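Peer 1:
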Amino acid sequence: KLFNEVQEAKGNIRVFCRCRPLSKIEVSNGCSTVVDFDAANDGELGILNSSSMKKTFKFDRVYTPRDDQDVVYADASPMVISVLDGYNVCIFAYGQTGTGKTFTMEGTKGNRGVNYRTLEELFKIAKERSETFTYDISVSVLEVYNEQIRDLLSPPTTSKKLEIKQATEGLHHIPGVVEAKVENIEEVWNVLQTGSSARAVGSNNVNEHSSRSHCMLCIMVTANNLINGECTKSKLWLVDLAGSERLAKTDAQGDRLKEAQNINRSLSALGDVISALANRSNHIPYRNSKLTHLLQDSLGGDSKALMFVQISPSDKDLSETISSLNFATRVR
Ligand code: ADP
Ligand code: MG
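Okay, so the sequence shown: first residue is 852 according to our numbering, each after it adds one.
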């Protein structure tokens, strides 16, 4: 009930804030925590500045560093499942590099994140419903870097130029992109592995590269109703966004500058689209970036969106933390 009320009021966007623990290095460097979780159960987060003045932010959920992957996924799960009922859904992780975007979305082998758990649950429910529905599930894995779309499931030798097309019956698609049909979770795991190893190709520093590109997993679902013969198509985007940090002044030249400008442009385009939707604006500027253009079907209309705003607890990251929380407040 609460879920629906929030959705109606907020143009179908919900915002969950997740704070990672202080790292060992931060602890040994004497960093302190600037985040106060006293009212986390009410969705409130306090940020203490250098003179210990507290500023509070409110979200649909606030996770403390102790909240694990199970807790986080449990809250995202109702939304994820709605893709089987024909809704387009979009879940993305926003924040400074090093705050846990990849941890939340991909997770680690022993501690899987939203992507894997989502597919696992979709297969489970599809099986439970198999007397009434058959579901076809396929996945694409894309990367957007410097406003160019790269297909991480196609062999690196085939460097097709990928463009977004509006299909006649509604959903956007990208001609030529690999849509890998998956029948079980083992196949999914292989596909996800292929995608993440392709990310490394052609970059000398994988971590740096991934912090400057958006990694986008698209799950396409075709539901065939065995009783009334109806067929619906829907899609779920799971997006690990590029790091939102501002570029250090010393780096502001050449390729780094261009990358930073493209990241800025796409993240602010995302903010613009979401706030235009929340304000029920007549014009929604989807075309201002590849990111928002790709997500168009899953942002707005009766689609459902969830943003994880990821933050660091450290005093050293205070200004980036404030800027991420302001971004998230603007879209909410
Ligand atoms: P990002 O993708 O935003 O750059 P990462 O997901 O790579 O950040 O996280 C940075 C580091 O912090 C990783 O070592 C990750 O395992 C760890 N980390 C992030 N979030 C958590 C968390 N909630 N609990 C424990 N460790 C975390
Ligand atoms: Mg990452």
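Ideal Cβ placement from N, Cα and C applies to all residues, glycine included. Because the structure is a prediction, the values reported are computed rather than measured.
Buried or exposed for A1018, going by 16 or more other Cβ atoms inside 10 Å?
Peer 2: Against the sequence shown, residue 1018 aligns to sequence position 167. A1018 should be labelled exposed.
Peer 1: Taking 8 Å as the cut-off, does the CB of S1061 come closer than this to any heavy atom belonging to the ligand MG?
Peer 2: Position 210 of the sequence shown holds residue 1061. Within the cutoff, so yes.
Peer 1: DSSP state of S928, grouped into three classes?
Peer 2: Your numbering for residue 928 matches position 77 in the sequence shown. The answer is helix: DSSP assigns S928 an H, G or I state.
Peer 1: Return helix, strand or coil for E982, following the three-state DSSP convention.
Peer 2: Numbered from 1 along the sequence shown, position 131 holds the residue referred to as residue 982. Coil.
Peer 1: Return the residue from the list N863, S1061, L1128, R1097 that minimises the CA-CA distance to T953.
Peer 2: For the purposes of this step, residue 953 is taken as the residue at position 102 of the sequence shown. That would be S1061, whose Cα lies nearest to the Cα of T953.
Peer 1: Using 8 Å as the Cβ pair cut-off and three pairs as the minimum, do the stretch 1025-1039 and the stretch 987-996 touch?
Peer 2: yes
Peer 1: Residues near the ligand ADP, CB to any non-hydrogen atom under 5 Å, in chain order?
Peer 2: R871, T948, G949, T950, G951, K952, T953, F954
Peer 1: Measure the Cβ-Cβ separation of V886 and I1162 and say whether it is below 9 Å.
Peer 2: In the sequence shown, the residue the question calls residue 886 occupies position 35. In the sequence shown, the residue the question calls residue 1162 occupies position 311. Yes. Within cutoff.
Peer 1: Could you tell me whether the stretch 889-906 touches the stretch 1155-1173, where touching means 3 or more Cβ pairs closer than 8 Å?
Peer 2: Enough Cβ pairs lie closer than 8 Å, so yes.
Peer 1: So, is P1164 buried or exposed, given that buried needs 16 or more other C-beta atoms within 10 angstroms?
Peer 2: Position 313 of the sequence shown holds residue 1164. P1164 should be labelled buried.
Peer 1: Is D1168 a contact residue of the ligand MG, with contact defined as CB to any heavy atom under 8 Å?
Peer 2: For this step, residue 1168 is matched to residue 317 along the sequence shown. Checking the Cβ of D1168 against the ligand MG gives no.
Peer 1: Going by the CB atoms, is the gap between L1087 and I942 shorter than 9 Å?
Peer 2: On the sequence shown, position 91 is the one that residue 942 refers to. On the sequence shown, position 236 is the one that residue 1087 refers to. Yes, these two residues count as a Cβ contact at 9 Å.
Peer 1: In chain order, what residues of the same chain lie with their CB nearer than 6 Å to the CB of A1127, ignoring the 5 residues before and after it?
Peer 2: Indexing the sequence shown from 1 puts residue 1127 at position 276. Closer than 6 Å at Cβ, skipping near neighbours: I1135.
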